[in-house]
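Sequential numbering of the sequence shown, starting at 102, is according to this note's numbering. C-beta atoms are modelled at their ideal positions from N, C-alpha and C, and glycine is treated no differently. Just so it is clear, the structure is predicted and the values come from calculations on it, not from any experiment. Report on the structure given below.
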Amino acid sequence: MIILSPAEQEYLRQIYLFCKREEKISTNSLALLVNTKPASVTDMLQKLAKKGLIIYIKYYGCSLSMSGKMEALNIVRKRVLWEILLVRKLGLDKQEAGAIAAQMQSISSQELIDKLSIFLDYPRHDIRGEILL
């Protein structure tokens, strides 16, 4: 398992969500999504490429490698499970739950995430009604 910082996790999540609609994401588009400068995005993309998580081509953009996609799916799943817990079980509103879940998505204990899924009765839909992966 690759150890990822919260920032690296958020980049992978954003790349995954964008690339569900498009083949690749440009540095400028990603900079807008993560609210930072393109030069900072380039630095992060180079780090993620060295870890084998993305395919990065300068001036073209990037897409997820197979291992990057697997990591991103796990990150998205964790965030969705936390959102479900916060909204359905604790009664928080969706916006507040999203902000808190963003912080909690970097918790690395797979055992905790598996138990959370069991506790939530293996949810099939996220808080917006979309089908889970």
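Whole-angstrom distance between residue j and residue i, CA atom to CA atom
| i | j | result |
| --- | --- | --- |
| leucine 134 | arginine 114 | 11 Å |
| alanine 150 | leucine 131 | 15 Å |
| proline 139 | asparagine 129 | 6 Å |
| threonine 143 | cysteine 120 | 17 Å |
| phenylalanine 220 | isoleucine 155 | 33 Å |
| proline 107 | glutamine 196 | 20 Å |
| tyrosine 223 | glycine 230 | 14 Å |
| alanine 202 | valine 181 | 8 Å |
| arginine 122 | arginine 189 | 28 Å |
| isoleucine 232 | methionine 145 | 30 Å |
| serine 207 | glutamate 124 | 26 Å |
Under the three-state DSSP convention, the category residue i falls into
| i | result |
| --- | --- |
| isoleucine 228 | coil |
| aspartate 215 | helix |
| tyrosine 117 | helix |
| glutamate 109 | helix |
| arginine 122 | coil |
Rounded Cβ spacing between residue i and residue j (contact assumed at less than 8 Å)
| i | j | result |
| --- | --- | --- |
| glycine 162 | serine 127 | 4 Å |
| tyrosine 157 | glutamine 147 | 7 Å |
| leucine 105 | glutamate 172 | 7 Å |
| tryptophan 183 | methionine 205 | 4 Å |
| isoleucine 185 | aspartate 227 | 7 Å |
| leucine 165 | isoleucine 116 | 6 Å |
| alanine 198 | leucine 187 | 4 Å |
| lysine 179 | isoleucine 103 | Incorrect: roughly 15 Å between the Cβ atoms, too far for contact. |
The alpha helix (DSSP H) enclosing residue i, as first and last residue numbers
| i | result |
| --- | --- |
| glycine 199 | 195 to 205 |
Margin query: Quick check on the DSSP output: what are the complete alpha helix (DSSP H) runs of length 4 or more inside the stretch 126 to 187, in order along the chain?
Written below: You should have 128 to 135, 139 to 151, 167 to 185.
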